[in-house]
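Trainee:
Residue numbers (the numbering used here): 2 to 518.
1) What residues in its chain sit with their C-beta under 6 angstroms from that of residue 235, if we drop five residues either side in the sequence?
2) May I ask you to report which of helix, strand or coil DSSP gives residue 592?
3) Determine the DSSP secondary structure at residue 262, reduced to helix, strand or coil.
4) So, helix, strand or coil for residue 126, using DSSP?
5) Quick one: using the 10 Å Cβ neighbour count with 16 as the cut-off for buried, is residue 439 buried or exposed?
6) On a Cα-Cα basis, can you pick out the residue from 216, 78 and 223 that is closest to residue 205?
7) Going by DSSP, what residues sit across from residue 98 in a beta bridge?
8) Output the distance between the C-alpha atoms of residue 100 and residue 9, rounded to the nearest integer angstrom.
9) Please return the same chain residues whose Cβ sits closer than 6 angstroms to the Cβ of residue 18, not counting the five positions on each side in sequence.
10) With 16 other CB atoms within 10 Å as the buried threshold, where does residue 276 fall?
11) Could you spell out where the beta strand (DSSP E) holding residue 72 opens and where it closes?
12) What does the alpha-carbon distance come out to for the pair residue 39 and residue 78?
13) Short of 8 angstroms in beta carbon distance, which residues of its chain neighbour residue 121, apart from the five on each side in sequence? Order them along the chain.
14) Report the rounded CA-to-CA distance for residue 114 versus residue 33, giving the unit in angstroms.
15) Report, in whole angstroms, the separation of the C-beta atoms of residue 452 and residue 319, which I expect to be a contact under 8 angstroms.
16) From the DSSP output, read off the bridge partner residues of residue 30.
17) Here's the rule: buried if 16 or more other CB atoms are within 10 angstroms of the residue's CB, otherwise exposed. What is residue 491?
18) Thinking C-alpha only, which one of 3, 12, 354 and 422 is nearest residue 58?
19) Under a Cβ-count criterion, where at least 16 other Cβ atoms within 10 Å of its own Cβ denotes burial, should residue 199 be classed as buried or exposed?
20) For the putative contact between residue 31 and residue 166, defined by C-beta atoms under 8 angstroms, what is the C-beta separation to the nearest angstrom?
21) At what residues does the alpha helix (DSSP H) containing residue 396 begin and finish?
22) Can you tell me the Cβ-Cβ gap for residue 339 and residue 213, rounded? I've got them flagged as a contact below 8 angstroms.
23) With a 10 Å radius around its C-beta and 16 neighbouring C-beta atoms as the bar for buried, classify residue 494 as buried or exposed.
24) To the nearest angstrom, report how far apart residue 497 and residue 250 are at their CA atoms.
25) Whole alpha helix (DSSP H) runs in the region 410 to 475 with 4 or more residues, listed along the chain?
26) When DSSP labels each residue in this structure, what does residue 237 get in the three-state scheme?
27) On a Cα-Cα basis, can you pick out the residue from 466, 139 and 327 that is closest to residue 297?
28) Count the other CB atoms, across all protein chains shown, that sit within 10 Å of the CB of residue 403; report buried if there are 16 or more and exposed otherwise.
29) Output the distance between the C-alpha atoms of residue 260 and residue 240, rounded to the nearest integer angstrom.
30) Going by beta-carbon coordinates alone, are residue 469 and residue 301 separated by less than 8 angstroms?
31) Three or more C-beta pairs under 8 angstroms: does that hold for the region 264 to 280 against the region 364 to 382?
32) Give me the residue from 123, 384, 450 and 364 with the minimum Cα distance to residue 427.
33) Verify whether the separation of the beta carbon atoms of residue 324 and residue 348 is less than 8 angstroms.
34) DSSP state of residue 344, grouped into three classes?
35) Within the region 198 to 237, note down every full alpha helix (DSSP H) run reaching 4 residues or more, in order along the chain.
36) Considering only the beta carbon of each residue, do residue 437 and residue 443 sit closer than 8 angstroms?
Rendered as structure tokens:
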């Protein structure tokens, strides 16, 4: 055996540069996926992520086997697996995609690089997303992203000279030490990914811009491609090119009714740019997984963490119906639309004054489409610790009124409130004691009273954050962060704070479906 293709978050056969390179090299090849104890034990890993991975691997193993390439799934540390393969078969080439992942993957890749150099193994990594390694400046990044997305896709090889290895069954969740996740997950794998993309581009996506804000309409109106991008059953380039091709097709058909489709898909296509823009931030500054983006925010929340508030938020028991409905829905399904994700983080960070790291780890386990680069950038952005972004403090009451006006979503996920009149559904604390008894929802007994006072909590958060942002130190750091990480794409709003005499005057910042849902 001469070649090992190391599969990570790229579980597909089409448009896969390492697989194509393996077919072009002389010698027998083997594809390997490693179930790493570091991943399984990491705080952001959940059984749903493992289950989705196993389903992707089952399909991919069959597809690759038809073309002669065995896919070996091993459990153990990567270096141990590679060392055993080297002893049993020997290999000279290790091929993989680049990965912008959690901190443990960065440390692992450094160790793999050292091992390859010591063993004389040539490790070649291929670009996978729009993220650019060792980027010195964001100037020109958007043009390079566009060039990469427009480049031809890598053709799937006709076949491989596969190595002869003993293949065992895929491990089960129980064998991997994972408890049942209890969620109804999206279908996994490359075929499901293509079907989801097709249904969005041809059937569901026409009202994308109008659908993405409400958890009711977003369930069907959003692309639902997040898990497939996160686990690599589709690549960003595949999605971008399919979207652009569909836009061109609609325009060529000349149907006047197609204009809204073009506008909708144009908006979605632009969000693919932002998807990689935020991943690039983690690539350039891996510390933001653990540290405040703006270091002037150090100490802002760390010493005020309230465990009781945190547990109530995690359980969907805050006494704010829209917050609780969103959390319960997320925990049951592994998915929530972006605006409601942002509201959950905003409520935790501003109303409850919880540090983003603890809430971020919890949410990472809930999101099936957990993508570290987007996740940690967004956790900090929605918590006000980037130093440059507009402070978005969502009102749970207004979000309910705007995006669940008939109370359908709240009644579905917070059945304790089923008999509460619609006019009071988002604010059940306004009911008197007699009315609470009459509708079977006594606050503090059947459903919690509000965990904090809305107005007082928001007032405190604004005073502390705007006060911090008004300092010379904060403004200087914000300039440095904007210069290093801010968007440069022409025609799109910059994500920084406007320079003005008052730190309370923010520049417009886009409300984005950054998880590409």
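Glycine included, every Cβ here is placed at the ideal spot set by N, Cα and C. A quick note: this is a predicted structure, and the numbers were derived from the prediction, not measured.
Mentor: According to the structure shown:
1) 194 and 229
2) Outside the shown range of the chain (2 to 518) lies residue 592, about which nothing can therefore be said.
3) helix
4) strand
5) exposed
6) 223
7) 127
8) 8 angstroms
9) 127 and 155
10) buried
11) 72 to 76
12) 7 angstroms
13) 93
14) 17 angstroms
15) 5 angstroms
16) 4 and 163
17) Only weak support is given to the placement of residue 491: the predicted model assigns it a pLDDT of 44, under 50, and the value that follows is read from those uncertain coordinates. Per the 10 Å Cβ criterion, exposed.
18) 12
19) exposed
20) 6 angstroms
21) Here residue 396 belongs to no alpha helix (DSSP H), and DSSP marks it neither H nor E.
22) 7 angstroms
23) Because the pLDDT of residue 494 is 37, which lies under 50, any placement of that residue in the model is unreliable, and the number read from its coordinates should be weighed accordingly. Exposed is the call here.
24) Unreliable placement is indicated for residue 497, whose pLDDT of 34 sits below 50; no coordinate value is reported for it.
25) 423 to 426, 434 to 439 and 455 to 470
26) helix
27) 466
28) exposed
29) 20 angstroms
30) yes
31) yes
32) 450
33) yes
34) helix
35) 209 to 212, 219 to 222 and 227 to 232
36) yes
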